[in-house]
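Shown next, in structure tokens, is the structure this report addresses.
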Amino acid sequence: MSIIPNILFAIILIAGIGYFATNVKKLVRNIKLGRDVDVSDNTSLRWKNMSMIALGQSKMVRRPIAGFLHIIVYVGFVIINIEVVEIIIDGLFGTHRIFSGMGSLYGVLIGAFEILALLVFVSVILFWTRRNVIKLKRFWKSEMKGWPKSDGNIILYFEMVLMTLFLVMNATDVHFQAIDNGNVISQYIAPLFSGLTESTLHIIERGAWWLHIVGILIFLNYLYFSKHLHILLAFPNTYYGSVKPKGELDNLKAVTKEVQMMMDPNVDPFAAPAEGDSTEEEVAKFGASDVQDLNWVQLLNAYTCTECGRCTSECPANQTGKKLSPRKIMMDTRDRLEEVGKNIDANNGVFNDDGKQLLGDYITNEELWACTSCNACVEACPVSINPLSIIIDMRRYLVMEESAAPTELNNMMTNIENNGAPWPYNQMDRLNWKDE
Amino acid sequence: MSELIKVPTMAEYMAQGKQPDVLFWVGCAGSFDDRAKKITKAFVKLLHKAQVDFAVLGTEESCTGDPAKRAGNEFLFQMQAVTNIEVLNAYEVKKIVTACPHCFNTIKNEYPELGGNYEVMHHTQFLKSLLEEGKLTIEGGKFKGKRITFHDPCYLGRANNVYEAPRDLIRKLEAELVEMKNCKSKGLCCGAGGAQMFKDAEKGDKEVNVERTEQAIEVKPDIIAAGCPFCNTMMTDGVKAKDKESEVDVMDIAELIANAQDL
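Same order as they appear, the protein sequences are chains D and Y. UniProt numbering applies: residue 1 is where the first sequence begins, and numbers increase by one. UniProt numbering applies: residue 1 is where the second sequence begins, and numbers increase by one.
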């Protein structure tokens, strides 16, 4: 027997996994461009969040139809991939259905895979219909034009093709059909090929087998370029997601330091920084105008976003026709991060200022000022993404670095500064209500 | 209303060498906004009725810094926070109650890291605890059988997971509690949060408060109950915009309870 197919298989496998590994490295490097943030607290709660939200899909089912279909595709995806283990062993060693020796257990496994494959196929068709025929509003917002729209459909086509190939592969496997063990779905597909000779069937079976595994490798490598990364990143993202009450915004440490200096009469503002005190440079900028100013969890958020648009559909600003879309905030952050990553790749590992930034070139002030900080987007996200934290960090840059708040907000802030209330009332009149 | 109500201040307590059980944090809206002042007074009446030993900071109170922080001015926020914490700690305040979810959220969640550690309660939680301790009784009175829908303030609900305290109080009024399409964790914002209260909205095709008011009107309530002075303003404006002032009232939970007993 020729070993050429086995060698070819090994090469394809190594190339497929190798290229994916290179891109994962790039992904990790890009995420690490973000500022450091301490996420070492509440370990047990974090594990719980990950197992409930990512593994258990607890937030997906808040929208029952999409949630139910998603669980089928998710479970199907995870379980059917057990079959890939057999395919890899067969491919490398020239065996055929190496696990079939397990007897009836094999039948149960393959039978389950076949049922799931059919269910996944049907679910994916329904997903496609929701996007393209029913045209659910959230899939047709302005940020979903062009690539994001194609991306969503390409993923669905991939899944349809892979499931079809898996079932065709089983249906045309004469030996597998003859044993009649586990061919619960494929036995009904087999008759479609009944007129063909055994050698033709063998060619079709081999063709489906090869396309199936090559398809899986292509899909794996497609992830990095797609919103579909969530199938991997949902897990770390739900782990690192906030464990604080949603209403709590972080207190900027750099500001705390300055405020302490201002309030403490004993502090010498001209004192030289203590030995080894390197915070001086880190506090050079307040808030965020570009992706490097965000923390790495926010950047992980951006790569995790699968553009489902639940955030945007719950956003009060978006619902009332404002430009703000929390999903777009995440998509812009990822796009800019990718652009910065490519810039670094092209310049031997150093970022070369390209005169662009997240603020202005991607996200406009108008979007940022439309946010009511209501946390509906944070609540809606099925994988613990927090668009609000990015909005607030960018507002911080606008206000503290550029003094670019809307005039009315500047008035409000001046009032607080001068008389301790957002309106121009004297602090000495604070208790007047009791006598009115 | 021109009747005088007794509102002791922390300074007066201090002068007598005493310490109240709880500090009532009135907030800027509660102190200055004409509509919100009524909520403040209603709540004070309930505190007196339940014989709660309380005091306010009065002229020593200052904005928590919430709108500044959410507008992006972290400096101003922390200046306000540190100043307020200094005052609160000087009076050795342990427990704070407030009728404003924004003050509630800020003092409860954002002050501890800056040195301000207090037990903080929203007034609906506090009233519920008074009820449970038997210090306060709630009768339906004129609200018996009325349809009341509760608008969840973002900074009480989603921000801090308080959904039941205000609803429990409404049920005690023997009123019919009806829920809007979007309620509890899915509640729709009134449009005032994140410093929006103090500016015009960005260009769009509708005001957020009108959208929310429409959701409320859909369930045909007699009263829209609120638990936040800003939500109250937004919903009141929304009801006006929909020309429903004669049919629908917007009232704070504290006002409902106080009015039910003709306080």
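No residue lacks a Cβ here, since even glycine has one placed at the ideal position from N, Cα and C. The model shown is predicted, which means the values in this text are computed figures rather than measured ones.
Inset, instruction - For Glu-205 (chain D), go through chain Y and note every residue whose CB falls closer than 7 Å to its CB, in chain order. - result: Along the first sequence, read from residue 1 onward, the residue named residue 205 (chain D) stands at position 205. The contacting residues do not exist; Glu-205 (chain D) stays about 50 Å from chain Y at best.
Inset, instruction - Tell me, please, which residues DSSP counts as bridged to Phe-54 (chain Y). - result: Taking the second sequence and counting its residues from 1, the one referred to as residue 54 (chain Y) is at position 54. Note: Phe-54 (chain Y) sits in a beta bridge opposite Y:Val-22.
Inset, instruction - Pull up the DSSP beta-bridge partners for Thr-225 (chain Y), would you. - result: Taking the first residue of the second sequence as 1, we reach residue 225 (chain Y) at position 225. In the sequence on display, residue 225 (chain Y) carries Ala and not Thr. The partner list for Ala-225 (chain Y) (beta bridge, DSSP) reads Y:Phe-150 and Y:Met-251.
Legend entry - Element boundaries [alpha helix (DSSP H), containing Leu-165 (chain D)]: As a working note, residue 165 (chain D) is residue 165 in the first sequence. Segment 147 to 171, the alpha helix (DSSP H) holding Leu-165 (chain D).
Inset, instruction - Compare the C-beta of Ser-389 (chain D) against all C-beta atoms of chain Y and say whether one is closer than 8 Å. - result: By 1-based counting over the first sequence, the position of residue 389 (chain D) is 389. Judged by the 8 Å Cβ criterion, Ser-389 (chain D) is not in contact with chain Y.
Legend entry - Beta-bridge partners of Leu-359 (chain D), as assigned by DSSP: Along the first sequence, read from residue 1 onward, the residue named residue 359 (chain D) stands at position 359. DSSP lists D:Ile-363 as partners of Leu-359 (chain D).
Legend entry - Within-8 Å CB hit, Pro-422 (chain D) to chain Y: Counting from 1 along the first sequence, the entry for residue 422 (chain D) is found at position 422. Output row for Pro-422 (chain D): interface = yes.
Legend entry - Closer than 7 Å at the beta carbon, the chain Y residues around Pro-265 (chain D): Along the first sequence, one-based indexing puts residue 265 (chain D) at 265. The premise fails here: Pro-265 (chain D) is roughly 13 Å from chain Y at the closest Cβ pair, so nothing lies under 7 Å.
Inset, instruction - Find the residues of chain Y that neighbour Tyr-425 (chain D), judging by a C-beta separation of less than 7 Å, and give them in chain order. - result: Here residue 425 (chain D) refers to the residue found at position 425 of the first sequence. Here the neighbours are Phe-32.
Legend entry - Any C-beta of chain D under 8 Å from that of Glu-132 (chain Y): Within the second sequence, residue 132 (chain Y) is the residue found at index 132, counting from 1. For Glu-132 (chain Y), the answer is no, since every Cβ of chain D falls outside 8 Å of its Cβ.
Legend entry - Bounding residues of the alpha helix (DSSP H) (the contiguous stretch that carries Leu-69 (chain D)): As a first step, residue 69 (chain D) must be located in the first sequence, where it is residue number 69. Run containing Leu-69 (chain D): 64 to 80, per the alpha helix (DSSP H) assignment.
Legend entry - Outcome for Gly-227 (chain Y) when other beta-carbon atoms lying within 10 angstroms are tallied against a minimum of 16: If you number the second sequence from 1, residue 227 (chain Y) lands on position 227. Gly-227 (chain Y) should be labelled buried.
Legend entry - Three-state secondary structure assigned by DSSP to Thr-414 (chain D): Start at 1 with the first residue of the first sequence, and residue 414 (chain D) comes out as number 414. Thr-414 (chain D): helix per DSSP, three-state reduction.
Inset, instruction - Give every residue of the same chain whose Cβ lies closer than 7 Å to the Cβ of Ile-179 (chain D), excluding the five residues on either side of it in the sequence, and list them in chain order. - result: As a working mapping, residue 179 (chain D) is identified with position 179 in the first sequence. Result list for Ile-179 (chain D): empty, nothing under 7 Å.
Inset, instruction - Determine the closest residue to Val-28 (chain D) out of D:Arg-430, D:Pro-424, D:Leu-431 and D:Ala-302, with distance taken between C-alpha atoms. - result: Sequence index remark: in the first sequence, residue 28 (chain D) carries index 28 (1-based). For Val-28 (chain D), the nearest C-alpha among the options comes from D:Ala-302.
Inset, instruction - Out of Y:Phe-32, Y:Met-14, Y:Ala-15 and Y:Val-120, point me to the one whose CA is closest to Leu-431 (chain D)'s CA. - result: Translated into positions along the first sequence, residue 431 (chain D) becomes position 431. Selected option, being the one with the closest Cα: Y:Phe-32.
Inset, instruction - Taking only runs that begin and end inside the segment 165 to 252 of chain Y, name each unbroken beta strand (DSSP E) of 3 or more residues, in chain order. - result: 176 to 178, 223 to 226 and 249 to 252
Inset, instruction - Note down, in chain order, each residue of its chain lying with its Cβ closer than 6 Å to the Cβ of Ile-31 (chain D), except the 5 sequence neighbours on either side. - result: To locate residue 31 (chain D), count along the first sequence from 1; it is residue 31. Taken in chain order, the residues that qualify are Trp-296, Leu-299 and Leu-300.
Inset, instruction - For Val-378 (chain D), collect the residues of the same chain with a Cβ closer than 6 Å to its Cβ; drop the 5 residues on either side in sequence, then sort them by chain order. - result: Translated into the one-based positions of the first sequence, residue 378 (chain D) becomes position 378. The residues are Lys-246, Asn-386 and Leu-388.
Inset, instruction - Give the DSSP-derived three-state secondary structure of Val-184 (chain D) in the structure shown. - result: Translated into the one-based positions of the first sequence, residue 184 (chain D) becomes position 184. Three-state DSSP puts Val-184 (chain D) in coil, outside helix and strand.
Inset, instruction - Would you please verify whether the beta carbon of Met-79 (chain Y) is less than 8 Å from any beta carbon of chain D? - result: Counting from 1 along the second sequence, the entry for residue 79 (chain Y) is found at position 79. Answer yes: the Cβ-Cβ gap between Met-79 (chain Y) and chain D drops below 8 Å somewhere.
Inset, instruction - Give a yes or no on whether 8 Å exceeds the smallest Cβ distance from Glu-436 (chain D) to chain Y. - result: Translated into the one-based positions of the first sequence, residue 436 (chain D) becomes position 436. Judged by the 8 Å Cβ criterion, Glu-436 (chain D) is in contact with chain Y.
Inset, instruction - Assign Gln-80 (chain Y) to buried or exposed, taking buried as 16 or more other Cβ atoms, counted over all protein chains shown, within 10 Å of its Cβ. - result: Within the second sequence, residue 80 (chain Y) is the residue found at index 80, counting from 1. It counts as buried.
Legend entry - Partner residues on chain Y for Glu-143 (chain D), Cβ-Cβ distance less than 8 Å: As a first step, residue 143 (chain D) is located in the first sequence; it is residue number 143 there, counting from the start. The contacting residues do not exist; Glu-143 (chain D) stays about 16 Å from chain Y at best.
Inset, instruction - Using beta-carbon positions only, say whether Val-291 (chain D) and Leu-337 (chain D) come within less than 8 Å of one another. - result: Position 291 of the first sequence, counted from the start, is the residue given in the question as residue 291 (chain D). Position 337 of the first sequence, counted from the start, is the residue given in the question as residue 337 (chain D). Closer than 8 Å, so yes.
Legend entry - Cross-chain neighbours of Ala-21 (chain D) in chain Y, by beta carbon under 9 Å: Mapped onto the first sequence, residue 21 (chain D) falls at position 21. The premise fails here: Ala-21 (chain D) is roughly 40 Å from chain Y at the closest Cβ pair, so nothing lies under 9 Å.
Inset, instruction - Could you spell out the range, first to last residue, of the beta strand (DSSP E) harbouring Met-121 (chain Y)? - result: Counted from its first residue, the second sequence places residue 121 (chain Y) at position 121. Met-121 (chain Y) -> beta strand (DSSP E) spans 119 to 122.
Legend entry - Candidates D:Glu-436, D:Asp-435 and D:Asn-426, of which the one nearest Glu-60 (chain Y) by Cα: Here residue 60 (chain Y) refers to the residue found at position 60 when the second sequence is read from its first residue. Checking every option, the nearest Cα to that of Glu-60 (chain Y) belongs to D:Asn-426.
Legend entry - Lys-95 (chain Y) (DSSP reduced to helix, strand or coil): Here residue 95 (chain Y) refers to the residue found at position 95 of the second sequence. Of the three classes helix, strand and coil, the one that applies to Lys-95 (chain Y) here is strand, per DSSP.
Legend entry - Spatially closest choice to Phe-286 (chain D) from D:Val-24, D:Met-102 and D:Arg-35, by CA coordinates: On the first sequence, residue 286 (chain D) is found 286 positions in, with the first residue counted as 1. If we check each option's Cα against that of Phe-286 (chain D), D:Arg-35 comes out closest.
Inset, instruction - Would you mind stating whether Ala-260 (chain Y) and Phe-77 (chain Y) have Cβ atoms separated by less than 8 Å? - result: Position 260 of the second sequence, counted from the start, is the residue given in the question as residue 260 (chain Y). Position 77 of the second sequence, counted from the start, is the residue given in the question as residue 77 (chain Y). Taking 8 Å as the Cβ cut-off, Ala-260 (chain Y) and Phe-77 (chain Y) do not qualify as a contacting pair.
Inset, instruction - Please report the residue range of the alpha helix (DSSP H) in which Gly-215 (chain D) lies. - result: As a first step, residue 215 (chain D) must be located in the first sequence, where it is residue number 215. That run of the alpha helix (DSSP H) goes 198 to 222.
Legend entry - As assigned by DSSP and simplified to three states, the class of Arg-138 (chain D): Residue numbering aside, residue 138 (chain D) sits at position 138 when the first sequence is read from its first letter. Residue state, collapsed to three classes: helix.
Legend entry - C-alpha gap between Ala-317 (chain D) and Ala-370 (chain D), whole angstroms: By 1-based counting over the first sequence, the position of residue 317 (chain D) is 317. By 1-based counting over the first sequence, the position of residue 370 (chain D) is 370. Near 6 Å, if we compare the C-alpha coordinates of Ala-370 (chain D) and Ala-317 (chain D).
Inset, instruction - For Cys-63 (chain Y), return the contacting residues in chain D, with the cut-off set at a CB-CB distance below 7 Å. - result: By 1-based counting over the second sequence, the position of residue 63 (chain Y) is 63. Correct list: Ile-416, Gly-420, Ala-421 and Pro-422.
Inset, instruction - May I have the straight-line CA-CA distance separating Thr-197 (chain D) from Asn-6 (chain D), to the nearest angstrom? - result: In the first sequence, residue 197 (chain D) corresponds to position 197, counting from 1. In the first sequence, residue 6 (chain D) corresponds to position 6, counting from 1. Thr-197 (chain D) and Asn-6 (chain D): Cα-Cα distance of roughly 25 Å.
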